[in-house]
Amino acid sequence: MMHPINLALVYVEQHLDQNIKLADIAQASGISQFHLSRVFAYTTGYSLGKYLRLRRLSEAARLLLQTEENILDIALRVGYDSHSVFSRAFKAEFGIRPSELRGELPTKKLGLVSPSVWSASMNIAVPIPREEQDLTLHMVGLSQSFRDHINPTEVIIQELLPELFPKLEVLENVTSPGYVQSIANFQSEKTFDWFSGVTVSSKENIPNGLEYMELHCEKYLAFPFSLQGKKVEDFILAIYTEWLPNSSYHMADGHHLEWYREDPGGVPLSLEASLAPETKLEGEIWIPIL
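Using the numbering used here, you'd call the opening residue of the sequence shown number 976 and step up by one each time.
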């Protein structure tokens, strides 16, 4: 039987175009409105009302970017009954009017919320991923091959990342904030190939002590996250142990990527912040699929 949180999430997705109330969602989930509100906020990080609003506005933003529907029709599709009410809500949440978003990729990070499922064992919500195909990444950073090493994580945190971050600060052709970590040829927690660095526009002028890697992504699932650092490992485990086994996707050989970008407030990511358990991290987990 589906967990009440997932029943609530499914109900929200099926009724984004309707004027649903919290009582309707609670009835669909099979538990009281009071209990659902408390559990939902604890497990997802959002109040139920805010999640519903963000999902409606996020879906509207997607439609604005990917379709030519007029703004009023989009507003109606996500549960708003007038252009003016929708526009005010959109600007209050994202800082721009719907008309300013249309026709071009956003120039600022909007913080869109994807539809999710909830992992009961990990006590965490996993957004429905998007598919990425035929992308080539140019990266500069450090690599290390671990072969039956007693504690690779300790080496990465205490030696490799402190060596890497100061070297990345001098790069001038970085194409995105934050950094990416790649795991390939994974055999066990003690045996795998590791790479971490940043994406760059070209392999020109690589500083001494850094390596260049070109990675072609044939087909990937990208799982976005916005979590405290201490919850990221649980998020990754929920993807591999629950989401993927219950999906129709099959993993392929290749590089498994962890993208760590800015925090939601736009503060550049430092080494200390990226490792602090309470820091709010934003990024994506990329998994190769067939």
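Glycine is no exception: its CB is placed at the ideal position from the N, C-alpha and C atoms. Model, not experiment: these values are computed from the prediction.
Residues 1194 of the same chain have their beta carbon placed closer than 6 Å to that of residue 1108, with the five preceding and five following residues left out of the count. When C-alpha distances from residue 1093 are compared across 1102, 992, 1086, 1145, the shortest belongs to 1102. When rounded, the separation of the alpha-carbon atoms in residue 1141 and residue 1180 is 16 Å.
As the crow flies, the alpha-carbon of residue 1045 is around 33 Å from that of residue 1261. At a cut-off of 3 residues, the continuous stretches assigned as beta strand (DSSP E) that sit fully inside the region 1104-1151 are 1105-1121. According to the DSSP secondary-structure assignment, residue 1191 is paired through a beta bridge with 1111.
Collapsing the DSSP output to three states places residue 1018 in a helix.
In the three-state scheme derived from DSSP, where H, G and I count as helix and E and B as strand, residue 1055 is classed as coil.
Residues of the same chain with a CB within less than 6 Å of the CB of residue 1236, apart from the 5 flanking positions on each side, are 1152, 1153, 1257, 1258 in chain order.
Boundaries of the beta strand (DSSP E) around residue 1160: 1154-1163.
Residue 1233: member of the beta strand (DSSP E) spanning 1231-1235, first to last residue.
Collapsing the DSSP output to three states places residue 1227 in coil. Apart from the 5 residues on each side of it in sequence, residue 1085 sits with its Cβ closer than 7 Å to the Cβ of 1036, 1069 in its chain, given in chain order. Here the region 1120-1131 lies against the region 1168-1184, with 3 or more beta-carbon pairs under 8 Å apart. In the displayed model, residue 979 falls within a helix according to three-state DSSP.
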